[in-house]
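Comments concern the structure below.
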Amino acid sequence: MLRGLVRIRNLQGGSRPVLATRLAALVAALALGTTAARADSYPDKPIRLVVPYAAGGAVDIVARSVGQRMSQLLKQPIIVDNRPGASTNIGMDYVAKAPADGYTIMMASNSLATNAALFNKLSFNPTTDFAPVARIGEASLVVVVPAKSPFKSLKDLVAQAKAQPGKLNYASAGNGSSGHLAGEMLKDTAGIDVLHVPYKGGAPAITDLIGERITFMPINPLEVVSHIKAGTLRPLAVASAQHSAQLPNVPTAKEEGLPNFTASVWWGLVAPAKTPAHVIRQLNAAANTALADPEVKKQLGQLGVTIVSGTPEQFGQFVKTETTTWNNVIRKAGITAD
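What the sequence shown shows, in mature numbering (1 follows the signal peptide of the UniProt record, and there is no 0), is residues -39 to -1, 1 to 299, in sequence order.
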């Protein structure tokens, strides 16, 4: 090759295109080799797993459990980076603007499907700025009432709400939260009029519910199982067509006559848009293998999480369906989080 280059260098006229062609071929070969080497070497440094919630919450616990096993499989540390605030928009903005190289990923939840409709202005686009990696799991919401409540079933609650429009109320962790949206879905599917009382977080709302200042609350079961076991709260129904593994004796909304009342909290991994396909595949494979690990299954099961694995495409379709469902609820109820 070197002799050829020297020979062409000393020729004139029509031989120069030959040199250009050979140089182009050499550059292309080097580029392909570099790309292949990078594909084979991923990951070759720690991966940042952004959690757009505070440490210690359900999303954080799920992220750490799955992330720890994934780090063992990928043979690189996965560092959990909690970036809470602004209804997860701070963390989502950070990931949306991160390099699309597979070294920044995020444990997303319901807000990925709802924030575009809840906020008038965002510095990122939840629909186009993220690439789906892997669905992780979900937990159907449960409708709970104080232990001394006269309502023994969801049917009782709905009947009373219809008899006294606007008299009953429900609490949520704040405007636009999963509990708020589930409450509005219940109002729509059951044809009832109840008052929404937003709180700044789930803990104060639960306190007032136990104190009977609130009629009922749709909520993530992870947050109230201890109160249910202690006898301070009574579950009326899970917002699902299937029974909850954590609350097997609690009837479903379908059994209570409301088959269209389905609401859950869910989790899944996403990466910045345009992350290379081979990186997405590696992360997806690691996530699915982690979810099949007995210890991870045990940890998530204790939290009441139903594991849901699958392909990036399946997770992407799920997010699209959730976005459509909840955007309809948000617009119909006129909900804003601004």
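Cβ coordinates follow ideal geometry from the N, Cα and C atoms, glycine included.
I'd like the span of the beta strand (DSSP E) that includes Asn289, first residue to last.
Looking at the DSSP string, Asn289 is not in any beta strand (DSSP E); the run it does join, the alpha helix (DSSP H), is Pro273 to Ala294.
Taking one C-beta from the segment 94 to 108 and one from the segment 266 to 274 each time, how about it: are there three or more such pairs within less than 8 Å?
As far as the Cβ criterion goes, the segment 94 to 108 touches the segment 266 to 274, which means the pair count is three or higher.
Let me confirm a value: Ala(-3) is counted as buried when at least 16 other C-beta atoms fall within 10 Å, else exposed. Which label applies?
At Ala(-3) the pLDDT is 46, less than 50, meaning the model places this residue with poor confidence; the figure from the coordinates comes in the next sentence. Ala(-3) should be labelled exposed.
Does DSSP put Glu99 in a helix, in a strand, or in coil?
Note: Glu99 maps to strand in three-state DSSP.
Nearest-angstrom Cα distance between Asp149 and Ile66?
One C-alpha to the other measures close to 36 Å.
Given that a residue counts as buried once 16 or more other Cβ atoms are within 10 Å of its Cβ, and exposed if not, what is Gly152?
Classification of Gly152: exposed, given that the 10 Å Cβ count is below 16.
Does the distance from the C-beta atom of Asn130 to that of Val94 stay below 8 Å?
Taking 8 Å as the Cβ cut-off, Asn130 and Val94 do not qualify as a contacting pair.
According to DSSP, Ser225 sits in a beta bridge with which residue or residues?
In DSSP, Ser225 forms a bridge with Ser101.
To the nearest angstrom, report how far apart Ala120 and Val231 are at their CA atoms.
So the two alpha carbons sit approximately 42 Å from each other.
Go ahead and pull the three-state DSSP assignment for Leu230.
Residue state, collapsed to three classes: strand.
Return the Cβ separation of Asp154 and Gly127 in integer angstroms, given the expectation that the two are a contact with Cβ distance under 8 Å.
About 5 Å separates the two Cβ atoms, so the contact holds.
Do the segment 103 to 121 and the segment 186 to 195 make contact, defined as three or more Cβ pairs closer than 8 Å?
Taking 8 Å as the limit for Cβ pairs, the verdict is that the segment 186 to 195 does touch the segment 103 to 121.
Look at the Cβ atom of Val23, then the Cβ atom of Val266, and state whether they are nearer than 8 Å.
Going by C-beta atoms, Val23 is nearer than 8 Å to Val266.
Figure out for me which residue from Gln278, Arg292 and Leu244 has the closest Cα to the Cα of Pro4.
Ranking the options by Cα distance to Pro4, first place goes to Leu244.
Kindly indicate the opening and closing residues of the alpha helix (DSSP H) around Asp149.
That run of the alpha helix (DSSP H) goes Ser139 to Ala151.
Within 10 angstroms of its Cβ, does Ser201 collect 16 or more other Cβ (buried), or is it exposed?
Answer is buried; the Cβ neighbour count reaches 16.
Using the C-alpha atoms, what's the distance from Phe91 back to Val105?
In a straight line, the C-alpha of Val105 is about 34 Å away from that of Phe91.
What three-state label does DSSP hand Thr193 in the structure shown?
Here Thr193 sits in coil by DSSP.
In the DSSP assignment, find the alpha helix (DSSP H) that holds Tyr55 and state where it starts and stops.
Taken as a continuous stretch (DSSP letters only), the alpha helix (DSSP H) holding Tyr55 covers Asn50 to Ala57.
From Asn288 to Ala134, what distance separates their C-alpha atoms?
Rounded to the nearest angstrom, the two C-alpha atoms are 19 Å apart.
As an exercise, report each continuous beta strand (DSSP E) stretch of at least 3 residues that is fully enclosed by the segment 159 to 210, in chain order.
The segment 159 to 210 contains these whole beta strand (DSSP E) runs: 178 to 180 and 194 to 199.
Give the secondary structure of Val269 by DSSP, where H, G and I count as helix, E and B as strand, and everything else as coil.
Reduced to three states, the DSSP call for Val269 is coil.
Within this structure, are the beta carbons of Val11 and Asp42 separated by less than 8 Å?
A contact, by the Cβ cut-off of 8 Å.
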